[in-house]
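With the working numbering applied, the sequence shown closes on residue 311, and no number is skipped along the way.
For reference, the structure discussed in these notes is given below.
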Amino acid sequence: MFSLKIVVGTLELGLMYAIMVLGVYLTFRVLNYADLSVEGSFTLGAATAATLIFQGYNPWLATAIAFFVGCIAGIFTGIFHTKFKITALLSGILTMTALWSINLRVMGKANISLLKTRTIFTDFKSFPGMNQYGTLILGLITIIILGVLIYLFLNTEIGLALRATGDNELMIRSLGVNTDVMKILGLGLSNGLVAFSGSFVAQHQQFADASMGVGMIVAGLASVIIGEVLVGTSSIGRTILAVICGGIIYRTIIAIVLRLGLEPTDLKLLTAVIVLIALVSPSLKSKFSAFNGGILRKGDSYANSSESN
Numbered sequence: 003m004f005s006l007k008i009v010v011g012t013l014e015l016g017l018m019y020a021i022m023v024l025g026v027y028l029t030f031r032v033l034n035y036a037d038l039s040v041e042g043s044f045t046l047g048a049a050t051a052a053t054l055i056f057q058g059y060n061p062w063l064a065t066a067i068a069f070f071v072g073c074i075a076g077i078f079t080g081i082f083h084t085k086f087k088i089t090a091l092l093s094g095i096l097t098m099t100a101l102w103s104i105n106l107r108v109m110g111k112a113n114i115s116l117l118k119t120r121t122i123f124t125d126f127k128s129f130p131g132m133n134q135y136g137t138l139i140l141g142l143i144t145i146i147i148l149g150v151l152i153y154l155f156l157n158t159e160i161g162l163a164l165r166a167t168g169d170n171e172l173m174i175r176s177l178g179v180n181t182d183v184m185k186i187l188g189l190g191l192s193n194g195l196v197a198f199s200g201s202f203v204a205q206h207q208q209f210a211d212a213s214m215g216v217g218m219i220v221a222g223l224a225s226v227i228i229g230e231v232l233v234g235t236s237s238i239g240r241t242i243l244a245v246i247c248g249g250i251i252y253r254t255i256i257a258i259v260l261r262l263g264l265e266p267t268d269l270k271l272l273t274a275v276i277v278l279i280a281l282v283s284p285s286l287k288s289k290f291s292a293f294n295g296g297i298l299r300k301g302d303s304y305a306n307s308s309e310s311n
């Protein structure tokens, strides 16, 4: 059912989307912040990189700029929330809505084609031995570097303050930490990673479209939850690994159901079902364990009473 080319292509996309999932993890789990601006910043990264590449700029520079403009978008979301006292949900919606127009302004039209243009992948494939699997190797190298950097950052003093802000904002504020700055920093880094992922996807698919970020927050949440359920969250390193694996597993599930004949228009419904299953499974597992434990305890009590009689 799956050829080697399809498997490699799925892994390539999974690694690129895993960058976005890392960004979602920073807000959803570390900051405990539901950031809907992800859908706009993903497209912003794709639009920025595609526009610059189309105009003849260096693709590596365009990809770096995409990261920084994504950071700026996240910073605005943080400012809306912390300085203007807008709720987390509404501040993300405001940024996402504004970015729709900004993305169209950046591209100048609804979509941009990158066919027959120089990208980071064409550059990397020009290296010796990289012609066939260059895209996969570049994606793997990128996600490993980002995973290590995020792990190291979350274990620094600033990273610990960021994690504490999400865990107990009142407590860490009483210790003199400016939680507003921490939120703005976390949202900036998160949206930077999401935009970075968008720039990779646009160059891989050779086009950028104004609607390519729609549903990205749900896909990111699904990937985070799937990874946590299957890999575990006993430490920061393991959690980061779980998030990366979740992004790859999610794209693999999408590829499988498409090969089984599901219509592409049903992908949003499938994503919702996957998120629902991932959210419900830990609760069902704990209830099932408690139920089995109760049966075992009743059985032991019955056996002990029988022996005493």
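For every residue, glycine included, the Cβ atom is placed at its ideal position computed from N, Cα and C.
Between residue 188 and residue 33 the beta-carbon gap is near 5 Å, inside 8 Å, which marks them as a contact. Around the beta carbon of residue 69, 16 or more other beta carbons sit within 10 angstroms, so the residue counts as buried.
The beta carbon of residue 63 sits closer than 8 Å to the beta carbons of 54 from its chain, once the five residues preceding and following it are set aside; these are given in chain order. According to the DSSP assignment, residue 210 belongs to the beta strand (DSSP E) that extends over 209-211. Note that the region 165-175 does not touch the region 121-139; fewer than 3 beta-carbon pairs, one per stretch, sit closer than 8 Å. A direct Cα-to-Cα measurement between residue 78 and residue 294 gives close to 50 Å. Counting only residues of its own chain and dropping the five nearest sequence neighbours on each side, residue 229 has a CB closer than 6 Å to the CB of 244, 245, 247 and 248. Secondary structure note for residue 114: its beta strand (DSSP E) is the uninterrupted segment 113-115. DSSP, read as helix, strand or coil, puts residue 134 in coil.
Residue 257 and residue 250 have their alpha carbons spaced roughly 11 Å apart.
Under the three-state reduction of DSSP output, residue 95 falls in the helix class. Nearest Cα to residue 211 within the set 56, 5 and 52: 52. Annotated as distal: residue 22 and residue 213, with beta-carbon spacing of 7 Å or more. Straight through space, the alpha carbons of residue 164 and residue 158 are spaced by roughly 10 Å.
The shortest C-alpha to C-alpha distance from residue 87 to any of 222, 278, 186 and 177 is the one to 186. Per DSSP, residue 46 is one residue of the alpha helix (DSSP H) stretching across 40-56. Apart from the 5 residues on each side of it in sequence, residue 217 sits with its Cβ closer than 6 Å to the Cβ of 270 in its chain, given in chain order. Around the beta carbon of residue 178, fewer than 16 other beta carbons lie within 10 angstroms, which makes this residue exposed.
When the five nearest sequence neighbours on each side are left out, the beta carbons in the same chain lying within less than 8 Å of the beta carbon of residue 18 are those of 141, 199, 202, 203 and 206, in order along the chain. In this structure, residue 224 places its C-beta atom within 7 Å of the C-beta atom of residue 277. Residue 15 is classed as buried because its beta carbon has at least 16 other beta carbons within 10 Å across all chains shown. Just measuring C-alpha positions, the residue of 117, 191, 252 and 111 sitting nearest residue 155 is 191. Closest option to residue 72, judged by alpha-carbon separation, among 115, 42, 193 and 120: 193. For residue 266, there is no enclosing alpha helix (DSSP H), as DSSP marks it with neither H nor E. When the beta-carbon positions are compared, residue 221 and residue 273 come within less than 7 Å of each other.
Pairing residue 58 with residue 85, the inter-Cα distance amounts to about 39 Å. Where residue 12 is concerned, the enclosing alpha helix (DSSP H) starts and stops at 6-27.
Residue 119 and residue 25 have their C-alpha atoms spaced approximately 28 Å apart.
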